[in-house]
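*Asks:* Listed in order, the protein sequences are those of chains Z and V.
Just remember that the working numbering sits 153 ahead of the position in the first sequence, which is counted from 1.
Just remember that the working numbering sits 438 ahead of the position in the second sequence, which is counted from 1.
Beta carbons: idealized from backbone N, C-alpha and C, even for Gly.
Model, not experiment: these values are computed from the prediction.
This is the structure I have questions about; it appears just below.
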Amino acid sequence: MAMSNPLFQYTLRLGDDLLILSHRLSEWCGHGPILEEDIALTNRSLDHLGEARNLLTYAGQVEGKGRTEDDLAYRRMERQFTNVKLVEQPNGDYAHTMARSFLFDAYHLPLMQALLKSKDEQLAAIAGKSVKEATYHLRASSEWMVRFGDGTAESHQRAQAALDDLWTFTGELFESDDVLAQMTQAGIAPDMAAVKAAWSKTVDEVLAEATLKRPADGFMATGGRKGMHTEHMGYILAEMQHVTRAYPGAEW
Amino acid sequence: MITKDRILELLDYVKDPEIPVINVLELGVVRGVEVEESGKAIITITPTYTGCPAMDAMAADIKKELLAAGVPEVEVKMTLAPAWTTDWITDTGKRKLKEYGIAPPEKTADIRALKGEAPVVLCPHCGSKDTVMLSPFGSTACKALWKCNQCLEPFDQFKCL
Ligand SMILES: [Zn+2]
């Protein structure tokens, strides 16, 4: 991976996480369990897409090679995407979808709160928009965790299974490498130990209320930041990039 | 040459495409109006919600309106900071929202909001305080879905941001 432009890499990571999660959530459009939830999921997807657009547009500007948000979303190959593996995991049942969003939202909110103080003005401005919506997202996904966990035996068991399945993908959210170290040193990225502490506290509080067990830290998946993805990623891109690939330069 | 005052008058006609009773000034998204010596107008707007698809439409509508009124050149710029807040919706805007059947947002500095308590949202149909939120996400990015326990009608509430 080229290390020549860590701000580009860092902004791209933030954008890729949101783009892929947005795409996953958009797959629920028309399939939500009830009308309100169908609307809620597509709204959530749209919020993430808006954040991704801001971040990818800025990443393109930082890179300085004339790439637009569309170039970055539609004209990169799988190995060039730097999202964490958590966001590319399949929707599964509703407990899986909500657990995935809960684990992400609990990380995303403190990250955006910390980025408000970033020395990079544009990232701080983008965080200023995101933080308000991220608060809504975390509240909604937390409520669902409680409703499932403290609901029926069936919903409890499914929520616990979802957490147990997804837990292996949470380590990557806080992983450090050269890009992050440089950005933290420059005062652009926050101290991820503090973000992790906030995440951990939210997870503990919500799972306690939900009567769910926090899974033990075991093997943690890694590699997404370097472009190594799970087998699901190729299918996401095939669908997301299909029109652009089939009709290059098409406009409508 | 078209003056800044005239441009502000023209912006009165540019409505929010998703809530066509309220214009871009009442919505509080217009952050700057400049007229250059050439007559070119530069309008700076700020997005309401990050993913709001109406922003592109608003930018296009602003251009169309001003060009049609004889402004020779129009540029619409987008700025993210300071982040838009529902406090920037004018009182007239809030009244129009209510008349349209959308409960307007409470003030972000509302004492209840500061204490983390749920807002009291008045039913825009009958004025009752006996209302309940059905979903924090509504028909568009800016709205939550509520129900009135008094008149039993569902209604949209403009989310407080
Ligand atoms: Zn009512």
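Anyone know if the C-beta pair for residue 460/V and residue 504/V falls short of 8 Å?
*Replies:* Counted from its first residue, the second sequence places residue 460/V at position 22. Counted from its first residue, the second sequence places residue 504/V at position 66. No; because the gap between Cβ atoms is not below 8 Å, this pair is not in contact.
*Asks:* Would you grab the beta carbon distance between residue 476/V and residue 189/Z for me? Rounded to a whole angstrom, and I think it's under 8 Å.
*Replies:* Against the second sequence, residue 476/V aligns to sequence position 38. Against the first sequence, residue 189/Z aligns to sequence position 36. The pair is not a contact, with the Cβ atoms about 51 Å apart (cut-off 8 Å).
*Asks:* Determine the direct distance from the alpha carbon of residue 442/V to that of residue 254/Z, and round the result to whole angstroms.
*Replies:* The sequence position of residue 254/Z within the first sequence is 101, counting from 1. The sequence position of residue 442/V within the second sequence is 4, counting from 1. Approximately 46 Å, taken between the alpha carbons.
*Asks:* Quick one, what's near ligand 1 if you take every residue whose CB is closer than 5 Å to any heavy atom, in chain order?
*Replies:* 561/V, 563/V, 564/V, 566/V, 586/V, 588/V and 589/V
*Asks:* Contact check, residue 203/Z vs residue 489/V under 8 Å by CB: the rounded distance?
*Replies:* Walking along the first sequence from the start, residue 203/Z turns up at place 50. Walking along the second sequence from the start, residue 489/V turns up at place 51. At roughly 3 Å, the Cβ-Cβ gap stays under 8 Å, so residue 203/Z and residue 489/V are in contact.
*Asks:* Closer than 8 Å, Cβ to Cβ, to anything on chain Z: give me those residues from the segment 484-514 of chain V, in chain order.
*Replies:* 485, 487, 488, 489, 490 and 491
*Asks:* Suppose the cutoff is 6 Å on Cβ atoms and the five residues either side in sequence are ignored; what does the same chain contact list for residue 568/V look like?
*Replies:* Locating residue 568/V in the second sequence gives position 130, where the first residue counts as 1. Residues 587 and 588 of the same chain have their beta carbon placed closer than 6 Å to that of residue 568/V, with the five preceding and five following residues left out of the count.
*Asks:* Within this structure, are the beta carbons of residue 240/Z and residue 161/Z separated by less than 8 Å?
*Replies:* Reading the first sequence from its first residue, position 87 is the one you call residue 240/Z. Reading the first sequence from its first residue, position 8 is the one you call residue 161/Z. Cβ atoms of residue 240/Z and residue 161/Z: not closer than 8 Å.
*Asks:* Looking at the secondary structure, which residues open and close the beta strand (DSSP E) in which residue 468/V lies?
*Replies:* The residue you call residue 468/V lines up with position 30 of the second sequence. Segment 468-473, the beta strand (DSSP E) holding residue 468/V.
*Asks:* Within the continuous beta strand (DSSP E) that includes residue 585/V, where are the two ends?
*Replies:* Indexing the second sequence from 1 puts residue 585/V at position 147. It spans 581-586 - the beta strand (DSSP E) in which residue 585/V sits, taken as one unbroken run.
*Asks:* Quick one: Cα of residue 287/Z to Cα of residue 397/Z, how far?
*Replies:* Position 134 of the first sequence holds residue 287/Z. Position 244 of the first sequence holds residue 397/Z. Using only the alpha carbons, I get a separation of about 30 Å.
*Asks:* How do the segment 512-531 of chain V and the segment 467-484 of chain V stand: do at least 3 beta-carbon pairs fall below 8 Å, yes or no?
*Replies:* yes
*Asks:* Rank 516/V, 500/V and 497/V by C-alpha distance to the C-alpha of residue 210/Z and give the top, closest one.
*Replies:* Residue mapping note: residue 210/Z aligns to position 57 of the first sequence, counting from 1. The option with the nearest alpha carbon to residue 210/Z is 516/V.
*Asks:* For residue 189/Z, go through chain V and note every residue whose CB falls closer than 7 Å to its CB, in chain order.
*Replies:* One-based indexing of the first sequence puts residue 189/Z at position 36. Near residue 189/Z (Cβ distances below 7 Å), the residues of chain V are 572, 573 and 583.
*Asks:* Does the CB of residue 476/V have a neighbour CB from chain Z at under 8 Å?
*Replies:* The residue labelled residue 476/V in the question sits at position 38 within the second sequence. Not one chain Z Cβ lies under 8 Å of residue 476/V.
*Asks:* Residue 422/Z versus chain V: which residues are under 9 Å apart at the beta carbon?
*Replies:* Lying outside 154 to 405, the shown extent of chain Z, residue 422/Z is not represented and no answer is given.
*Asks:* Going along the chain, which unbroken runs of the alpha helix (DSSP H) with 4 or more residues stay wholly within the segment 298-330 of chain Z?
*Replies:* 306-319
*Asks:* Verify the CB distance criterion: does residue 200/Z have a CB-CB separation below 8 Å to chain V?
*Replies:* Working through the first sequence from its first residue, we reach residue 200/Z at position 47. At a cut-off of 8 Å between C-beta atoms, residue 200/Z counts as an interface residue with respect to chain V.
*Asks:* Tell me whether the beta-carbon of residue 378/Z lies closer than 8 Å to the beta-carbon of residue 235/Z.
*Replies:* For the purposes of this step, residue 378/Z is taken as the residue at position 225 of the first sequence. For the purposes of this step, residue 235/Z is taken as the residue at position 82 of the first sequence. Yes, the pair counts as a contact, with Cβ atoms nearer than the cut-off.
*Asks:* For residue 594/V, which three-state DSSP category applies?
*Replies:* For the purposes of this step, residue 594/V is taken as residue 156 along the second sequence, with counting starting at 1. DSSP places residue 594/V in strand when its eight states are reduced to three.
*Asks:* Among 501/V, 457/V and 493/V, which one has its Cα closest to the Cα of residue 480/V?
*Replies:* In the second sequence, counting from the first residue as 1, residue 480/V sits at position 42. It is 501/V.
*Asks:* Around the Cβ of residue 155/Z, are there at least 16 other Cβ atoms within 10 angstroms (buried) or fewer (exposed)?
*Replies:* Taking the first residue of the first sequence as position 1, residue 155/Z is located at position 2. Note that residue 155/Z scores 48 on pLDDT, short of 50, meaning its location in the model is unreliable; the coordinates nonetheless yield the value given after this. Residue 155/Z is exposed by the Cβ-count criterion.
*Asks:* Just checking: is the beta-carbon of residue 155/Z within a distance shorter than 8 Å of some beta-carbon in chain V?
*Replies:* Sequence index remark: in the first sequence, residue 155/Z carries index 2 (1-based). Low per-residue confidence applies at residue 155/Z: pLDDT is 48, beneath 50, and the placement is therefore not dependable enough to give any value.
*Asks:* Give the residues from the segment 260-283 of chain Z that approach chain V closer than 8 Å (Cβ to any Cβ), ordered along the chain.
*Replies:* 274, 275, 277, 278, 279, 281, 282 and 283
*Asks:* Compute the distance between the beta-carbons of residue 541/V and residue 593/V, then report whether it is under 8 Å.
*Replies:* What you label residue 541/V is simply residue 103 of the second sequence in a count that begins at 1. What you label residue 593/V is simply residue 155 of the second sequence in a count that begins at 1. Contact: yes.
*Asks:* Give the interface partners of residue 518/V over in chain Z, defined as CB-CB distance under 8 Å, in chain order.
*Replies:* The residue given as residue 518/V occupies position 80 in the second sequence. Those within 8 Å of residue 518/V in chain Z are 207, 275, 278, 279, 281 and 282.
*Asks:* Report the rounded CA-to-CA distance for residue 291/Z versus residue 363/Z, giving the unit in angstroms.
*Replies:* Within the first sequence, the letter at position 138 stands for residue 291/Z. Within the first sequence, the letter at position 210 stands for residue 363/Z. Rounded to the nearest angstrom, the two C-alpha atoms are 15 Å apart.
*Asks:* Using the C-alpha atoms, what's the distance from residue 327/Z back to residue 243/Z?
*Replies:* Locating residue 243/Z in the first sequence gives position 90, where the first residue counts as 1. Locating residue 327/Z in the first sequence gives position 174, where the first residue counts as 1. The C-alpha of residue 327/Z is placed about 21 Å away from the C-alpha of residue 243/Z.
*Asks:* Would the segment 219-229 of chain Z count as touching the segment 382-399 of chain Z if we require 3 or more Cβ pairs under 8 Å?
*Replies:* yes
*Asks:* Ordered along the chain, which non-local residues of its own chain (more than five positions away) have a Cβ less than 8 Å from that of residue 454/V?
*Replies:* Translated into positions along the second sequence, residue 454/V becomes position 16. The residues are 460, 461, 462, 465, 492 and 496.
*Asks:* Answer yes or no: does any C-beta atom of chain V fall closer than 8 Å to that of residue 158/Z?
*Replies:* Counted from its first residue, the first sequence places residue 158/Z at position 5. Residue 158/Z does not count as touching chain V.
*Asks:* Check whether the segment 260-273 of chain Z and the segment 333-347 of chain Z touch, using three or more Cβ-Cβ pairs below 8 Å as the test.
*Replies:* Per the Cβ contact rule, the segment 260-273 of chain Z is in contact with the segment 333-347 of chain Z (3 or more Cβ pairs under 8 Å).
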